[in-house]
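Asker:
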Amino acid sequence: MSLPTDLKYTQEHEWLAERGDVVRVGVTPYAANALGDIVYVDLPEVGKQITAGEACGELESTKSVSDLYAPATGEVVSVNEAVVDDPSKINDDPFGEGWLLELRVSEYGPLLDATQYAELTGE
Numbered sequence: 030m031s032l033p034t035d036l037k038y039t040q041e042h043e044w045l046a047e048r049g050d051v052v053r054v055g056v057t058p059y060a061a062n063a064l065g066d067i068v069y070v071d072l073p074e075v076g077k078q079i080t081a082g083e084a085c086g087e088l089e090s091t092k093s094v095s096d097l098y099a100p101a102t103g104e105v106v107s108v109n110e111a112v113v114d115d116p117s118k119i120n121d122d123p124f125g126e127g128w129l130l131e132l133r134v135s136e137y138g139p140l141l142d143a144t145q146y147a148e149l150t151g152e
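Yeah, the sequence shown ends on 152 if you go by the working numbering, and it's all consecutive.
#1: Which of the three DSSP states is assigned to Asp-35 in this structure?
#2: Span of the alpha helix (DSSP H) holding Ser-205?
#3: Between Leu-88 and Asn-62, what straight-line distance do the alpha-carbon atoms span, to the nearest angstrom?
#4: Among Thr-91, Gly-151 and Leu-129, which one has its Cα closest to the Cα of Trp-44?
#5: Report back the beta-carbon spacing between Leu-132 and Val-52 to the nearest angstrom; my notes put them in contact at under 8 Å.
#6: On the three-state DSSP scale, how would you describe Leu-140?
#7: Using a Cβ-Cβ cut-off of 8 Å (strictly less than) and excluding sequence neighbours within five positions of Val-113, which residues of its own chain qualify?
#8: What separation, rounded to the nearest whole angstrom, lies between the Cα atoms of Ala-46 and Ala-99?
#9: Among Gly-86, Tyr-146 and Gly-125, which one has its Cα closest to the Cα of Leu-97?
#10: Along the chain, where does the beta strand (DSSP E) containing Asp-96 start, and where does it finish?
#11: Pull up the distance between the alpha-carbon of Glu-83 and that of His-42, whole angstroms please.
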C-alpha cells in the first residue's frame, strides 16, 4: 500500500492529518495488519489532555492488546464513536473511516514523513 504523502507518521505506527487547528489521528495499515482483527478500542475522553509518547488508549485484537501512544501533546477534541462501536473499521479503512481521535496540539512529538515511515517499516 502506498502511504499518503500529506500525512505525518510516528515510530509507534500512528498517522496524523492536519485539519485546521486540530489533527486527526489514526493507526497505519502496517499496525492494523500486525495487530490482526481489531475487536475493541479504548480511546481517551473528549477534553482529556494527553502527552506525546505516552499511552492514551488501547487497541485489542484477536492476537493481543496494544497501547495507543499519543503522537502529540494536547487536548482531545473528538473521538470516532463509529470505531468504538465497530473496531473493524480500523482494519478495513485505517486512513479513512478508521480514524481514532482529533487533537488540538500544543506540542508535537517526533514525526516522520511518508518516505521515512516507509523506510522504518520496510514498505
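Positions of the beta carbon are idealized from the N, C-alpha and C atoms, including for glycine.
Answerer: Answer, in terms of the structure:
#1: Taken through DSSP and simplified to helix, strand or coil, Asp-35 comes out as coil.
#2: No answer is possible for residue 205: the residues shown for the chain start at 30 and end at 152.
#3: 12 Å
#4: Leu-129
#5: 5 Å
#6: coil
#7: Val-70 and Leu-72
#8: 14 Å
#9: Gly-86
#10: 94-98
#11: 14 Å
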